[in-house]
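Shown next, in structure tokens, is the structure this report addresses.
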Amino acid sequence: MLPTPAIAFWSHRQSAPAAVITASHNPWTDNGVKIFAPGGLKLADDVEAAIEARLASAPADAGDPSPPRGMLLIDDVVADYLEHVVEGLPRLGGLHVVLDCANGAMSGIAPRAFERLGARIDVINDTPDGSNINHGCGATAPGALCAAVVERHADLGLAFDGDGDRVIAVDHLGNVVDGDHLLALAAVQLRDQGRLADDTVVVTVMSNLGFHRAMASAGVRVVTTPVGDRSVLEALDAGGLSLGGEQSGHIIYRSLATTGDGLLAGLRLAADVHDRGRPLAELAAAAMTAYPQVLINVRVADAHPRVADELAADVATAEASLAGEGRVLLRASGTEPLIRVMVEAPTSEAAWDAAEGLADVVRRRFG
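In terms of my numbering, the sequence shown is residues 130 to 496.
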């Protein structure tokens, strides 16, 4: 079992197409197929649509599959991938890290990478049985990791998702450090090292307003894309940029990867904490201050991809209530019959008031 970023790495190295059976951060019942084009890049929308149309039109009983044209068994992918993710990193002796492997594809790999660098590790949720992946654990449910870091007096914790393309951190106090904070730390570090291309970082519309303000103060330009790590990658390549990611924990170091890589990003965070000799809690607090963010998912009968345009006046009213000190985002989910209402404001009360008011409008209009 290999994590998605390891497959993408090998696809890039071999200039070969690749496929991964995964539900990503979701339950195993949502399993699907991620396909990479030669070079480790995700397929373009039109290519995905063509494949889906071909599958949809295939007869239910198409007979026996065509015989394979050939098969190449490769047994050194893990070794090569591990060598890749640790290359150039310092020894992590004295650093105590708890790893939550989400009972997924990082279970047999992430611990080996940290051990190779000499870190002291504790590992939880590393016994995949095919159905316990992402179940109350990993990047989307870090509660167990938060408790483990505090109980074991660790320096930090890292939670991956099922296929390993996301990572969320936990500081020694048990507080979650999300992708926005990880990107803020990485952007300033790379900028100071002269390795942040065009002094620019790429994020999605979900990144916190506090991130944007922190980057402005640090002199780092921010490019914003639609949700999805593929959108981030496209912007990175279009601008010749080096760093991007999502609040959810997809972090792309473009010179090292073609997709989000939770292990690669987690190792670099651990190295940063080790080298600076300061707690992650202190580093994260200095990197940015997040605005209170409220996200309300409103279930609707049908998809409404242009909901932001249809309710533009209501969005403007919600924004006006924040007097320029917040942000409102209204969008349809790409995978579920949901409309997501997101509001950021200086106080939780203001964010909730604006979000609930707009959610009520959505329910009356589309519910």
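Beta carbons are placed, not taken as given, at the ideal position from N, Cα and C, and that holds for glycine. Quick caveat: nothing in here was measured; it's all calculated off a predicted structure.
Under a 10 Å Cβ-count criterion, E454 is classified as exposed, with fewer than 16 other Cβ atoms of the shown protein chains found around its own Cβ. The Cβ atoms of A364 and V349 lie no closer than 8 Å to each other.
For the region 373–433, the continuous alpha helix (DSSP H) assignments of 4+ residues that do not extend past its boundaries occur at 391–405, 409–416, in sequence order. DSSP links T353 through a beta bridge to V332. In this structure P271 does not touch G233 by the C-beta definition: roughly 14 Å separates them, more than the 8 Å allowed. L409 sits close to H301, with the two beta carbons spaced by under 8 Å. Taking W481 as the centre and dropping the five residues before and after it, the same chain places the C-beta of V423 closer than 7 Å to its C-beta, in chain order. Counted as a single uninterrupted DSSP element, the alpha helix (DSSP H) harbouring G339 occupies residues 338–347. Beta bridge pairing from DSSP links T151 with G161. Judged by beta-carbon spacing, T133 lies within the 8 Å limit of D294, meaning their Cβ atoms are closer than that value. N254 is not a Cβ neighbour of A276, given a cutoff of 8 Å. Between the region 304–323 and the region 148–161, the count of Cβ pairs shorter than 8 Å is below three; the stretches do not touch. Contact between the region 316–328 and the region 431–444 is absent, with fewer than three C-beta pairs closer than 8 Å.
Relative to the Cα of P421, the nearest Cα in the group G339, T464, G378, L393 belongs to G339. A direct Cα-Cα distance of roughly 21 Å separates A483 from H341.
Taking Q376 as the centre and dropping the five residues before and after it, the same chain places the C-beta of D307, G308, D309, M335, S336, N337 closer than 7 Å to its C-beta, in chain order.
Take V279, set aside five residues on each side of it, and the residues of its chain with a beta-carbon closer than 8 Å to its own are H301, L302, G303, in chain order. When DSSP reads this structure, A208 sits in no beta bridge, so it has no partner.
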